[in-house]
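Novice: Below is one structure. I have some questions about it.
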Amino acid sequence: MTIADDWVESMQEAVEVPRSARLRLTKNGLTLVPVTYAHRTTQRRIENQIEDRLPGWTPTSEFSVVPPREGYKPEPDASALPLDQVRKDKSEVSEELLPFVVEVVSPESEHRDYNTKPEHYALRGIPAYLIVDVLCARWTLLTRPWHGTYQHEESGVFGDEIKIPVADQTLVLDSSQFMRV
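Position one of the sequence shown corresponds to residue 96 (the numbering used here), numbered consecutively onward.
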């Protein structure tokens with residue numbers, strides 16, 4: 096960990112942030128990000144579906160993905176962990192354990208969710224990346240990471256089923272439950 100990484104972690108721990116916002120490290124520095132009702136509701140509904148539809152797994156959200164790469168530990172809006180891999184004493188998750196990650200698009204995160212994070216998650220070898228865009232009621236599923244890019248893309252509108260491969264199962268999300276801004 097570099098001096099800059101230590102400083103960022105110290106700042107994130109020291110700054111009091113209202114519950115309706117998050118403090119994020121971006122290429123532009125520390126950013127205060129508002130969380131909309133549509134964003135949080137959609138995130139919660141995804142977590143509920145993971146819990147209901149993926150036996151042997153538990154939903155996780157907003158945990159840092161480690162190890163840091165280029166000083167960055169992403170915090171996906173949702174993912175899942177095998178029940179036997181949950182570390183109750185940790186707030187970080189190893190990238191090797193994540194079968195997929197979900198980012199719910201906010202006005203502030205739109206560019207990163209579509210342009211920066213796909214490469215970042217693909218370089219980590221995360222098998223699937225789902226972008227849920229509450230701004231336009233669409234979703235995009237990227238799969239098959241290879242050398243920093245996802246080789247396959249599917250997309251649809253809210254109301255479609257989304258099928259995400261997870262180990263020896265398929266998680267089927269009902270996107271009609273997602274909320275548009």
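Ideal Cβ positions, reconstructed from N, Cα and C, are used throughout, including at glycine.
Which partner residues of residue 259 appear in the DSSP bridge assignment?
Specialist: Here residue 259 corresponds to residue number 164 of the sequence shown, with the count starting at 1. Looking at the DSSP assignment, residue 259 forms a beta bridge with 266.
Novice: To the nearest angstrom, how far is it from the Cα of residue 252 to the Cα of residue 225?
Specialist: One-based indexing of the sequence shown puts residue 252 at position 157. One-based indexing of the sequence shown puts residue 225 at position 130. Cα to Cα, residue 252 sits roughly 13 Å from residue 225.
Novice: Have a look at the DSSP bridge pairing and note the partners of residue 235.
Specialist: Residue numbering aside, residue 235 sits at position 140 when the sequence shown is read from its first letter. DSSP lists 226 and 250 as partners of residue 235.
Novice: Quick one: complete beta strand (DSSP E) runs, 3+ long, within the segment 122–197?
Specialist: Those beta strand (DSSP E) runs which fall completely within the segment 122–197 and span 3+ residues are 124–129, 152–155, 159–161, 173–177 and 187–189.
Novice: Using a 10 Å radius around the Cβ and a threshold of 16 neighbouring Cβ atoms, would you call residue 242 buried or exposed?
Specialist: Within the sequence shown, residue 242 is the residue found at index 147, counting from 1. Exposed, by the Cβ-count rule.
Novice: Would you tell me roughly how many angstroms separate the C-alpha atoms of residue 193 and residue 276, rounded to the nearest one?
Specialist: Mapped onto the sequence shown, residue 193 falls at position 98. Mapped onto the sequence shown, residue 276 falls at position 181. Going from the Cα of residue 193 to the Cα of residue 276 covers about 28 Å.
Novice: From the DSSP output, in three-state form, read off residue 202 for me.
Specialist: Position 107 of the sequence shown, counting from 1, holds the residue named residue 202. Three-state DSSP puts residue 202 in coil, outside helix and strand.
Novice: For the structure I just gave you, are there three or more beta carbon pairs, one from the segment 206–213 and one from the segment 176–183, closer than 8 Å?
Specialist: As far as the Cβ criterion goes, the segment 206–213 does not touch the segment 176–183, which means the pair count is below three.
Novice: Tell me whether residue 172 is buried or exposed, calling it buried when 16 or more other Cβ atoms sit within 10 Å of its Cβ.
Specialist: Position 77 of the sequence shown, counted from the start, is the residue given in the question as residue 172. Buried, since its Cβ has 16 or more Cβ neighbours within 10 Å.
Novice: Going straight from the alpha carbon of residue 190 to that of residue 219, what length do you get?
Specialist: As a working mapping, residue 190 is identified with position 95 in the sequence shown. As a working mapping, residue 219 is identified with position 124 in the sequence shown. Those two C-alpha atoms are separated by around 7 Å.
Novice: Who are residue 240's beta bridge partners in DSSP?
Specialist: Numbered from 1 along the sequence shown, position 145 holds the residue referred to as residue 240. Paired residues: 245.
Novice: Taking buried to mean at least 16 other C-beta atoms within 10 Å of its own C-beta, is residue 186 buried or exposed?
Specialist: Taking the first residue of the sequence shown as position 1, residue 186 is located at position 91. It counts as exposed.
Novice: Just how far apart, CA to CA, sit residue 274 and residue 163?
Specialist: On the sequence shown, position 179 is the one that residue 274 refers to. On the sequence shown, position 68 is the one that residue 163 refers to. When rounded, the distance between both Cα atoms is 32 Å.
Novice: If we count the other Cβ atoms within 10 Å of its Cβ and call it buried at 16 or more, is residue 178 buried or exposed?
Specialist: In the sequence shown, the residue the question calls residue 178 occupies position 83. Residue 178 comes out exposed.
Novice: By a C-beta neighbour count over all protein chains shown, 10 Å radius and 16 as the cutoff for buried, is residue 262 buried or exposed?
Specialist: Residue mapping note: residue 262 aligns to position 167 of the sequence shown, counting from 1. The residue in question, residue 262, is exposed, as its Cβ has fewer than 16 Cβ neighbours within 10 Å.
Novice: May I have the straight-line CA-CA distance separating residue 236 from residue 266, to the nearest angstrom?
Specialist: If you number the sequence shown from 1, residue 236 lands on position 141. If you number the sequence shown from 1, residue 266 lands on position 171. Cα to Cα, the separation comes out at about 12 Å.
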